[in-house]
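Participant:
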Amino acid sequence: RQIPEMARPKFHLSPCTGWMNDPNGFSFYKGEYHLFYQYNPYDTCWDTMHWGHAVSEDLIHWSEQELIQFGDDNFGCLWAPDIIFDPENEDYVLHWSYCHADNNYGPMAIYYSRTKDFVNYTKPELLYRKEDSGCIDSAMYEEDGKYYLFVKSEGNPSTMIELVSDHVTGPWTRVEAFDAALKGAVQ
18 RQIPEMARPK FHLSPCTGWM NDPNGFSFYK GEYHLFYQYN PYDTCWDTMH WGHAVSEDLI
78 HWSEQELIQF GDDNFGCLWA PDIIFDPENE DYVLHWSYCH ADNNYGPMAI YYSRTKDFVN
138 YTKPELLYRK EDSGCIDSAM YEEDGKYYLF VKSEGNPSTM IELVSDHVTG PWTRVEAFDA
198 ALKGAVQ
């Protein structure tokens with residue numbers, strides 16, 4: 018059922034149907050802002066999550082784009098989308114949390130897909146899997162040619178962890194000093 022225009026915010030993106038949360042993937046490409054978010058188009062509650070995508074020229078008026086379907090029946094729900102430009106390949110890398118059939122839909126890991134045009138996307142690939150627990154809610158940034166990936170670890174420790182790489186898709190090395198700095202912090 019479509020949400021009436023009068024019931025929708027005027028200065029914030031909201032889809033015309035369903036549930037949206039985690040508007041994390043934000044980028045600017047060819048004169049347009051792109052925003053990606055968790056999206057359940059089938060109900061007004063958190064459930065079968067997909068990726069929503071909207072475009073704006075002014076950050077006020079948004080145009081919903083086609084629902085993005087990543088993966089196949091081997092993938093579970095996707096969580097917490099994010100995006101970063103990869104100058105090495107001149108494309109965007111979208112990354113998110115997924116559970117997958119290859120580990121019986123057990124602990125979640127971080128997957129990614131690439132796009133040059135926000136219409137066509139590569140098949141999802143594993144970006145990072147923590148060996149001893151699941152991880153969710155990835156965020157990445159680049160500084161001085163290094164890529165920093167932050168993920169919420171679901172155990173050992175149950176907190177944020179930081180990883181570093183020379184390339185946007187890894188391989189990743191754990192930043193142990195970050196772990197030490199977080200010990201005793203209230204989260």
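So for the sequence shown, the working numbering puts the first residue at 18; every next one is plus one.
By construction, the Cβ of each residue, glycine as well, lies at the ideal position given by its N, Cα and C atoms.
Given a threshold of 16 other Cβ atoms within 10 Å of its Cβ, counted over all protein chains shown, does residue 35 qualify as buried or as exposed?
Facilitator: Residue 35 is buried by the Cβ-count criterion.
Participant: Could you check how far apart the C-beta atoms of residue 77 and residue 28 are, in whole angstroms? I think they sit under 8 Å.
Facilitator: With 8 Å as the limit, residue 77 and residue 28 qualify as a contact, their Cβ atoms being about 6 Å apart.
Participant: Where do the ends of the beta strand (DSSP E) carrying residue 111 lie?
Facilitator: Unbroken beta strand (DSSP E) run through residue 111: 108-117.
Participant: Report the start-end ranges of each alpha helix (DSSP H) in the region 69-112 that is 4 residues or longer and not cut off at the edges.
Facilitator: The qualifying runs do not exist here; there are none.
Participant: Are the CB atoms of residue 41 and residue 97 nearer to each other than 8 Å?
Facilitator: Cβ atoms of residue 41 and residue 97: closer than 8 Å.
Participant: Considering only residues of the same chain and omitting the five flanking positions on each side of residue 142, which have a CB-CB separation below 7 Å?
Facilitator: Same-chain partners within the cutoff: 128 and 129.
Participant: Pairs of beta-carbons, one from the region 48-58 and one from the region 69-76, closer than 8 Å: are there three or more?
Facilitator: Output reads yes: the region 69-76 touches the region 48-58.
Participant: Could you pull the DSSP bridge partners for residue 157 from this structure?
Facilitator: Paired residues: 166.
Participant: Where does residue 195 sit, in a helix, a strand or coil, going by DSSP?
Facilitator: Residue 195 falls in the helix class under three-state DSSP.
Participant: So is residue 156 in contact with chain C if we call contact Cβ pairs under 8 Å?
Facilitator: Going by chain labels, chain C is absent from the structure shown, which holds only one protein chain.
Participant: On the three-state DSSP scale, how would you describe residue 23?
Facilitator: In the structure shown, residue 23 sits in a helix (DSSP, three-state: H, G or I).
Participant: Can you tell me which of 19, 124, 202 and 163 puts its alpha carbon nearest to the alpha carbon of residue 190?
Facilitator: It is 163 whose Cα lies nearest to the Cα of residue 190.
Participant: Apart from the five residues on each side of it in sequence, which residues of its chain come closer than 7 Å, Cβ to Cβ, to residue 192?
Facilitator: Closer than 7 Å at Cβ, skipping near neighbours: 179, 180 and 181.
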